[in-house]
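Under mature numbering (1 follows the signal peptide of the UniProt record, and there is no 0), the residues of the sequence shown are numbered -30 to -1, 1 to 261, in order.
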Amino acid sequence: MASLTKLPLLSGAAAAAVAAALTSTGGAAAQETEMVEDINNGAISWTLGSDIVSKYVFRGYEIQEDGIIVQPYAEFTAGIADGIDVYAGIWNSTGTETNGDNNEHWLEADIYAGVSIGEAVLGAPIAIDVSYVNYTSPNDTFGQYEELDFFVGYDDSDNPISVAPYALLAIEFDTEAAGDDDNIYLELGGEFEMQVVDNAQYPVGLTVPVKLGLSLDEYYVDDEGDNEFFGYLSVGANVGVPLSFIPREYGQWSAAAGLTLFLLNDNAVGLDDGENENFNIVGSVGFALEY
């Protein structure tokens, strides 16, 4: 996916898991990649998908845990020059349960746009991404706020086992949800990728994303309102497979499933779910269509 800012659980992990399945080896992977490229040779591409999650956890904060939680998304990308893409999209979270204040099931709708610069410009397997995100809650579960995100990552996908280290700096502003504070969040992470089933039609990829969420300026605070530097550490395991039985003229379909374990700072307000003070586990299944 072009954007690496929102899509907190399976959507990004699913894409990575399927990418691991398709690119870890030559042969079938190369044939599949060539088939996909034959479908869309233009400068514009798009992705549609949806995930079902056991809980909605964003950067350690548990946003929603009851009912069936469905998170559909869409993204459009345009290549404006070699190695430079612009993109825009929307990410949503809905569920069978409401927030208690009204009967609206649409909990979150995030609109984002950004620009991504890659190896063709930078001359190294590095990606730089700058994006704007507008977080909104149609059912008023939280107040609207905006965020400016800066991402830098290293692409080591040519290796047999990829690590893909990255850093993400997120600066909140115009924050109804947290008063006048412009909170700053830092995320350091990586994503181990490998192919676990080498099959001509249905290769299976495995990704193990690791994230460390930190607060540079009151993104996480204690009971006194003071900054808590450590927010959470998460480790996931996701498997993805292309749905090759769908004719390629209908795009590249994929499915994935995963689990993520969160180790939380229980001194930080909002990270204690009241049951397991230091841990949270999220399960996910989803699909995606790329064209």
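Beta carbons: idealized from backbone N, C-alpha and C, even for Gly.
None of the values given here were measured: they were computed from a predicted structure.
Through-space distance from residue j to residue i, alpha-carbon basis
| i | j | result |
| --- | --- | --- |
| T106 | I154 | 18 Å |
| A48 | A13 | 6 Å |
| Y82 | V167 | 35 Å |
| L229 | G160 | 16 Å |
| L38 | G175 | Per the sequence shown, residue 38 should be read as Ile rather than Leu. Cα to Cα, I38 sits roughly 26 Å from G175. |
| Q222 | N197 | 44 Å |
| I141 | P173 | 39 Å |
| A90 | T111 | 42 Å |
| S20 | Y115 | 23 Å |
| Q171 | G113 | 46 Å |
| V239 | A51 | 44 Å |
| H75 | V27 | 17 Å |
| M164 | A207 | 11 Å |
| L234 | N11 | 44 Å |
| W61 | I251 | 22 Å |
| L18 | F200 | 34 Å |
| G253 | P212 | 20 Å |
| A225 | E194 | 44 Å |
| E4 | S101 | Low confidence applies to E4: its pLDDT is 41, below 50, so where it sits in the model is not reliable, and the reading given next is rough at best. Answer to the nearest angstrom: the Cα atoms are 30 Å apart. |
| A128 | L184 | The sequence given here has Asp at residue 128, not Ala. About 30 Å. |
| L182 | R29 | 9 Å |
| E188 | A44 | 31 Å |
| V53 | F46 | Looking at the sequence itself, residue 53 is Gly, so the reference to Val does not match. Answer to the nearest angstrom: the Cα atoms are 16 Å apart. |
| G59 | V85 | 12 Å |
| D55 | F120 | 15 Å |
| I22 | G65 | 9 Å |
| F215 | F162 | 27 Å |
| V209 | S132 | 15 Å |
| R218 | D152 | 46 Å |
| A94 | N169 | 31 Å |
| L158 | Y31 | 17 Å |
Paired residues, beta bridge with residue i - DSSP
| i | result |
| --- | --- |
| K181 | G159 and S204 |
| F215 | According to DSSP, F215 bridges with nothing at all. |
| S132 | E163 |
| G253 | L229 |
| S224 | P212 and A258 |
| F112 | DSSP output for F112 lists no bridge partner at all. |
| S86 | D55 and D99 |
| A137 | V122 and L158 |
| A170 | According to DSSP, A170 bridges with nothing at all. |
| A238 | In DSSP, A238 forms no bridge with anything. |
Residue i burial status per 10 Å Cβ neighbour count (16 or more: buried)
| i | result |
| --- | --- |
| T177 | buried |
| Y57 | buried |
| A258 | buried |
| D109 | Checking the sequence, you will find Asn at residue 109 rather than Asp. By the 10 Å Cβ count, N109 comes out buried. |
| L241 | buried |
| A134 | buried |
| L(-9) | Residue confidence is low: L(-9) scores 45 on pLDDT, short of 50, so the model does not pin down where it sits. No coordinate-derived value is stated. |
| P179 | buried |
| P130 | exposed |
| D144 | exposed |
| I33 | buried |
| L92 | exposed |
| L138 | buried |
| L(-22) | Since pLDDT at L(-22) reaches only 38, below the 50 mark, its modelled position is unreliable, and the value read off the structure follows with that caveat. By the neighbour-count rule (16 or more Cβ atoms within 10 Å), L(-22) is buried. |
Proximity below 7 Å, CB of residue i to CB of residue j
| i | j | result |
| --- | --- | --- |
| F232 | Y190 | no |
| V122 | I98 | yes |
| N248 | D192 | no |
| residue 266 | V205 | Residue 266 is absent from the structure shown; the chain starts at -30 and stops at 261. |
| Y220 | W16 | no |
| D36 | E67 | yes |
| V156 | L186 | First, the amino acid is wrong: residue 156 is Leu here, not Val. Yes, Cβ-Cβ distance for L156 and L186 is below 7 Å. |
| Q41 | S24 | no |
| D126 | V103 | no |
| I96 | Y136 | no |
Residue-chain proximity (residue i, chain D), Cβ-Cβ < 7 Å
| i | result |
| --- | --- |
| S101 | Of the protein chains in this structure there is only one, and it is not chain D. |
As an exercise, report each continuous alpha helix (DSSP H) stretch of at least 4 residues that is fully enclosed by the stretch 10 to 66, in chain order.
Within the stretch 10 to 66, no alpha helix (DSSP H) run of at least 4 residues lies entirely inside it.
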